[in-house]
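Engineer: I am attaching a structure below and will ask some questions about it afterwards.
There are 2 protein chains.
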Amino acid sequence: MGRWGPDARGRLEAAALELYTERGYEQTTVAEIAGRAGLTERTFFRHFADKREVLFGGSTRLQDLVVGAVERAPDTPAPLEAVVRGLEEAGAFFQQNVGRLRRRQAVIDANAELQARELSKFAALASALRGALLRRGVADPAAGLTAEAGIVVFKTAFERWLGETGQRDWSSLLRESLDDLKAVVAGDEAQADPP
Amino acid sequence: MGRWGPDARGRLEAAALELYTERGYEQTTVAEIAGRAGLTERTFFRHFADKREVLFGGSTRLQDLVVGAVERAPDTPAPLEAVVRGLEEAGAFFQQNVGRLRRRQAVIDANAELQARELSKFAALASALRGALLRRGVADPAAGLTAEAGIVVFKTAFERWLGETGQRDWSSLLRESLDDLKAVVAGDEAQADPP
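Given below as structure tokens:
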């Protein structure tokens, strides 16, 4: 497959993740990523602004998927339920990429700059979800608060999912996280005895 | 007051905010900030790592204040209530600095790098709140979810407070934001008609 191959982007993502895992994010150059993928630096920069963004291309696809699902959801469910149903749509993408997503998270967790970028991506997702809810006729402050609550559910479920050994699927982890959030926000969560 | 004056830090913060507001964050140098404060660059770097951090010194003080209050709170309230009471402690600090905090937010809102730094500060506050809850005997996942929910309440209330013209105080805005979060998480928030 040449540099115009339809999967140049995917090959660059795979090569970058391999190199970040093998020798660390800081120590890897764009030239090395392109070389590992059998492509040129020029091709790399046609797809990604820099070596950081290679790790976050999937975030944009995820956002489009989830926001689209929220916009298309039937009008009936409560706003947070509509968001959680939208987040459920990410399950197939996650399941197909479980190994890659675990390695990616390990790279991010080891680097403060990447963690900051991940926070920005979550903030962008919250903003996009709020926009989708506003278009569904949900008013602020409910739209903004529902989007923020959805991000809390998403982050909690995603962390659990990455730590799972395949026993439970994305949807059940999302539901569990939603139930846990409902309990703490309602104040039902009993205070444990001090240690 | 000389460079060893007890308020060198405060003078540098005030000078930086003046300059960022007058000519923009990007266009301001550390030398200019130090000059405006009547101090040297050397003194600046004794207090702050760089010109970005001048805007976030207050975040650390806020975190110490709120986390300390959560740790000292009586054992009885539900965890999220303990967090909100901790956040209430910030009211006096906010009220004394309302003009400065509004100008600071305008500087942050105009710059993507500063917005990213603000997100990192919120993440650090969430992490510190989770730690305080764990020390109070709250187990995970409740500790982590309560901390995240507390940050959502804080951000919502703070945005409202900055936009207020002095009609309502910090505590009542916090309570209102908590009630709004409770409503959307419980699913009570009625879906409005589509526009």
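Protein sequences appear in the order of chains C and R.
Anchor point for the first sequence: position 8 equals 8 in the UniProt record's numbering, and the numbering is continuous, going up by one each time.
Anchor point for the second sequence: position 87 equals 87 in the UniProt record's numbering, and the numbering is continuous, going up by one each time.
Every residue, glycine too, gets a C-beta built ideally from N, C-alpha and C.
Just so we're clear, the structure is a prediction, and the values are computed from it rather than from any experiment.
Could you give the distance in angstroms between the alpha-carbon of R/Leu129 and the alpha-carbon of R/Glu13?
Structural biologist: Straight-line Cα distance between these residues: approximately 26 Å.
Engineer: At which residues does the alpha helix (DSSP H) containing R/Val67 begin and terminate?
Structural biologist: Unbroken alpha helix (DSSP H) run through R/Val67: Gly57 to Arg72.
Engineer: Cβ of R/Val107 less than 8 Å from any chain C Cβ?
Structural biologist: R/Val107 does not count as touching chain C.
Engineer: Taking buried to mean at least 16 other C-beta atoms within 10 Å of its own C-beta, is C/Asp75 buried or exposed?
Structural biologist: C/Asp75 should be labelled exposed.
Engineer: Compare the C-beta of residue 196 of chain R with all C-beta atoms of chain C and state if any pair is closer than 8 Å.
Structural biologist: Absent from the structure is residue 196 of chain R, since the part of chain R shown begins at 1 and ends at 195.
Engineer: With distance defined between alpha-carbon atoms, name the residue in R/Leu181, R/Arg136, R/Gln95 and R/Arg11 nearest to R/Val67.
Structural biologist: The shortest Cα separation from R/Val67 among R/Leu181, R/Arg136, R/Gln95 and R/Arg11 belongs to R/Arg136.
Engineer: When we look at the beta-carbon of C/Pro195 and count the other beta-carbons within 10 Å, is it buried (16 or more) or exposed?
Structural biologist: Its pLDDT being 40, under 50, C/Pro195 is placed unreliably in this model, and the coordinates cannot settle the point.
Engineer: Nearest by alpha-carbon distance to C/Val98: which of C/Gln115, C/Gly58, C/Ala73 and C/Ala139 is it?
Structural biologist: The residue with the shortest Cα to Cα distance from C/Val98 is C/Gly58.
Engineer: For the region 157-180 of chain R, which residues have a beta carbon sitting closer than 7 Å to at least one beta carbon of chain C?
Structural biologist: For the region 157-180 of chain R, which is checked against every Cβ of chain C, the residues closer than 7 Å are Asp180.
Engineer: May I have the straight-line CA-CA distance separating C/Ala139 from C/Leu133, to the nearest angstrom?
Structural biologist: Looking at the two C-alpha atoms, the distance is approximately 8 Å.
Engineer: With a CB to CB cut of under 6 Å and the five nearest residues on each side skipped, what residues in its chain are close to R/Trp161?
Structural biologist: Excluding sequence neighbours, R/Trp161 sits near Trp170 and Leu173.
Engineer: Can you tell me whether C/Asp179 is buried or exposed? The criterion is at least 16 other CB atoms within 10 Å of its CB, across all chains shown.
Structural biologist: With fewer than 16 other Cβ atoms within 10 Å, it is exposed.
Engineer: CB-CB under 7 Å to R/Arg3, same chain, minus the five flanking residues each way: which ones, in chain order?
Structural biologist: A caution first: R/Arg3 carries a pLDDT of 49, below 50, which makes its placement in the model unreliable, though a value can still be read off. Here the set comprises Leu39, Thr40 and Thr43.
Engineer: Quick check: what's the CA-CA separation for R/Phe94 versus R/Leu101?
Structural biologist: In a straight line, the C-alpha of R/Phe94 is about 8 Å away from that of R/Leu101.
Engineer: Which residues of chain R have a Cβ atom closer than 7 Å to the Cβ of C/Ala123, listed in chain order?
Structural biologist: Here the neighbours are Leu119.
Engineer: For the alpha helix (DSSP H) containing R/Ala90, list its first residue and its last residue.
Structural biologist: R/Ala90 -> no alpha helix (DSSP H), and no H or E assigned at all.
Engineer: For the alpha helix (DSSP H) holding R/Gln105, just list the boundary residues, first then last.
Structural biologist: Looking at the DSSP string, the run of the alpha helix (DSSP H) that includes R/Gln105 is Val98 to Asp109.
Engineer: Report yes if the C-beta distance between R/Val84 and C/Val152 is below 8 Å; otherwise report no.
Structural biologist: Not closer than 8 Å, so no.
Engineer: If you drop the 5 nearest sequence neighbours on each side, which residues of the same chain put their C-beta closer than 8 Å to that of R/Val107?
Structural biologist: Contacts found: Leu17, Tyr20, Thr21, Tyr25, Leu55 and Leu114.
Engineer: Let me know if R/Ala157 comes out buried or exposed under the rule of 16 or more other beta-carbons within 10 Å of its beta-carbon.
Structural biologist: R/Ala157 comes out buried.
Engineer: Relative to the C-alpha of R/Arg175, which residue among R/Ala126, R/Ala31, R/Leu87 and R/Leu125 is closest?
Structural biologist: Of R/Ala126, R/Ala31, R/Leu87 and R/Leu125, the residue nearest in Cα terms is R/Leu87.
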